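> Under the UniProt record's numbering, the first residue of the sequence shown carries the number 1, and numbering increases by one thereafter.
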Amino acid sequence: MVNINSVDSASSQCPCGSLQTYVQCCEPYHLNYSVADTPECLMRSRYSAFVLRHFTYLILTHHPDYLQGLTEQQLAQGNTQWLGLEVVSSKQQSDHAEVTFKAWFIDNKQIDAIYECSSFVKQQNRWFYTQGQQMTTRLPGRNDPCICNSGKKFKQCCAKRLS
Ligand SMILES: [Zn+2]
Ligand SMILES: [Zn+2]
Numbered sequence: 001m002v003n004i005n006s007v008d009s010a011s012s013q014c015p016c017g018s019l020q021t022y023v024q025c026c027e028p029y030h031l032n033y034s035v036a037d038t039p040e041c042l043m044r045s046r047y048s049a050f051v052l053r054h055f056t057y058l059i060l061t062h063h064p065d066y067l068q069g070l071t072e073q074q075l076a077q078g079n080t081q082w083l084g085l086e087v088v089s090s091k092q093q094s095d096h097a098e099v100t101f102k103a104w105f106i107d108n109k110q111i112d113a114i115y116e117c118s119s120f121v122k123q124q125n126r127w128f129y130t131q132g133q134q135m136t137t138r139l140p141g142r143n144d145p146c147i148c149n150s151g152k153k154f155k156q157c158c159a160k161r162l163s
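(1) Classify VAL88 as buried or exposed, calling it buried when 16 or more other Cβ atoms lie within 10 Å of its own Cβ.
(2) Spell out the partners DSSP gives ARG126 in its beta bridges.
(3) Pair every Cβ in the stretch 40-60 with every Cβ in the stretch 75-87, then say whether three or more of these pairs are closer than 8 Å.
(4) Taking DSSP's pairing of strands, which residues face residue 167 in a bridge?
(5) Taking only three categories from DSSP, how would you classify ALA36?
(6) Using CA coordinates, which residue listed in GLN93, GLN68 and LEU58 is at the minimum distance from HIS30?
(7) Skipping 5 residues on each side, what residues in its chain have a beta carbon closer than 6 Å to that of CYS26?
(8) Of the residues TYR22, LYS102 and GLN20, which one's Cα is nearest the Cα of LEU83?
(9) Here's a check: name, in chain order, each residue in its chain whose Cβ is nearer than 6 Å to the Cβ of TRP104, leaving out the five neighbours to either side.
(10) As a quick exercise: from GLN110, LYS152, ASN125 and PRO64, pick the residue whose alpha carbon is nearest that of SER34.
(11) Which partner residues of ILE59 appear in the DSSP bridge assignment?
(12) By the 10 Å Cβ neighbour count, where 16 or more other Cβ atoms means buried, how is VAL2 classified, buried or exposed?
Right, here's the structure in full:
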């Protein structure tokens with residue numbers, strides 16, 4: 001069986017949509033070789049970790065005071081098929097930051113997004129996710145660029161996967 005969530009070669013593009021390779025982009029964070037130095041960078045690497053099912057990383061970068069009992073096992077129960085990440089805005093004020101993003105996914109032939117304004121805090125030189133405020137979003141127009149960063153129009157790309 002082919003695992004659609006795997007990145008199996010050094011030339012694979014990073015799932016976070018940076019247009020860099022995974023090795024140059026989010027992998028060093030996932031392997032703990034380096035620390036995400038901006039909140040947007042952390043947010044992107046957390047999205048990639050969801051795609052690639054690096055649940056340990058998701059727990060480690062989630063501020064312990066805000067985990068509310070969340071475990072790797074709970075995260076592993078999810079089976080979301082992610083399509084792409086769109087960072088809408090990010091702002092930072094000293095050790096606090098907010099990043100608003102849309103994380104697109106397909107479920108049961110329906111495309112939807114987690115549209116969230118996430119909050120982050122910096123402690124001991126590391127950024128942590130604290131909590132997010134969810135919003136609702138609409139699908140892109142048929143002629144808009146596709147959500148998966150393919151460079152194609154939505155109607156010529158992921159919209160074809162709708163029933
Ligand atoms: Zn990345
Ligand atoms: Zn697409």
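All C-beta atoms in this analysis are idealised placements derived from N, C-alpha and C, irrespective of residue type, glycine included. Since the structure is predicted, the reported quantities are computational estimates derived from the model, not experimental observations.
A quick look at the data gives this:
(1) Counting from 1 along the sequence shown, the entry for residue 88 is found at position 88. Flag for VAL88 reads exposed.
(2) Residue mapping note: residue 126 aligns to position 126 of the sequence shown, counting from 1. For ARG126, which the question treats as bridged, DSSP gives the partners GLN123.
(3) yes
(4) Look at the range of the chain in this structure, 1 to 163, and you will see that residue 167 is not part of it.
(5) As a first step, residue 36 must be located in the sequence shown, where it is residue number 36. It is coil, neither helix nor strand.
(6) Locating residue 30 in the sequence shown gives position 30, where the first residue counts as 1. HIS30 has its Cα closest to that of LEU58, out of GLN93, GLN68 and LEU58.
(7) Start at 1 with the first residue of the sequence shown, and residue 26 comes out as number 26. Result list for CYS26: CYS14, CYS16, SER45 and SER48, in chain order.
(8) Here residue 83 refers to the residue found at position 83 when the sequence shown is read from its first residue. Of TYR22, LYS102 and GLN20, the residue nearest in Cα terms is LYS102.
(9) Looking up residue 104 in the sequence shown gives position 104. The answer, listed in chain order, is LEU83, GLY84, ALA113 and ILE147.
(10) Within the sequence shown, residue 34 is the residue found at index 34, counting from 1. Among GLN110, LYS152, ASN125 and PRO64, the Cα nearest to that of SER34 belongs to ASN125.
(11) Residue 59 sits at position 59 when you count from the first residue of the sequence shown. Paired residues: none, contrary to the question.
(12) Residue mapping note: residue 2 aligns to position 2 of the sequence shown, counting from 1. Low per-residue confidence applies at VAL2: pLDDT is 41, beneath 50, and the placement is therefore not dependable, though the value from the model is reported in the following sentence. Exposed is the call here.
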